[in-house]
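In this note's numbering, the protein residues as written are -7 to 129.
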Amino acid sequence: MADVSILKRIVWGVGASLVLLLSCLLCRFVFFEMHGMKDWPWILLIFGLTVLLISMFLFSQKVIICTATGYIIGFVVAVIFSSDYYATYYGPEIVVLRENNFWSIWTLAYLAVIVAGVLLAGTQRIRMGMQKRKNCE
-7 MADVSILKRI VWGVGASLVL LLSCLLCRFV FFEMHGMKDW PWILLIFGLT
43 VLLISMFLFS QKVIICTATG YIIGFVVAVI FSSDYYATYY GPEIVVLREN
93 NFWSIWTLAY LAVIVAGVLL AGTQRIRMGM QKRKNCE
């Protein structure tokens, strides 16, 4: 019985990791012109793989699914809501830089999807615990 559980965790983890990697490759190389960031997609990938590893040990399917799909969901949200702005820095000489909030929106949306998965998994475990107690009475 334990072997099936371990195998199931590995299959879920590897599948989600492949989805996450595919999302990263799409965002990094195919959609590069939309965001222009070279390192940030890799940083989010490493963060996502860390969350996947932890959720594999805890075997939380909802967190695994939200982590794998949240990467591309966050990217889409960032494409919709990002904007350019100009920052002026005064010093020995005036510098005007064009900046974008794409990376922060992408990160916050990705974190929001992961937190939603954690909350869903937590409420499911609480309900299961209450149901077990109810059945024991």
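By construction, the Cβ of each residue, glycine as well, lies at the ideal position given by its N, Cα and C atoms.
Computed from a predicted structure; not experimentally measured.
| Check | Outcome |
| --- | --- |
| For the beta strand (DSSP E) containing residue 36, list its first residue and its last residue. | Where residue 36 is concerned, there is no enclosing beta strand (DSSP E), although the alpha helix (DSSP H) it sits in stretches over 32 to 50. |
| With which residues is residue 91 paired in a DSSP beta bridge? | 77 |
| For the alpha helix (DSSP H) containing residue 29, list its first residue and its last residue. | Element bounds for residue 29: n/a, residue is neither H nor E. |
| Would you call the region 30 to 38 and the region 86 to 100 in contact, with 3 or more CB pairs under 8 Å? | yes |
| Return the chain-ordered list of same chain residues with a C-beta closer than 6 Å to the C-beta of residue 11, the five sequence neighbours on each side being excluded. | 60 |
| Comparing C-alpha positions only, which one of 85, 81, 109, 37 sits nearest to residue 16? | 37 |
| Given a cut-off of 9 Å on the beta-carbon distance, is the pair residue 104 and residue 40 in contact? | no |
| Straight-line CA distance for residue 71 to residue 119? | 37 Å |
| Tell me whether residue 23 sits in a helix, a strand or coil according to DSSP, three-state version. | coil |
| DSSP three-state call for residue 62: helix, strand or coil? | helix |
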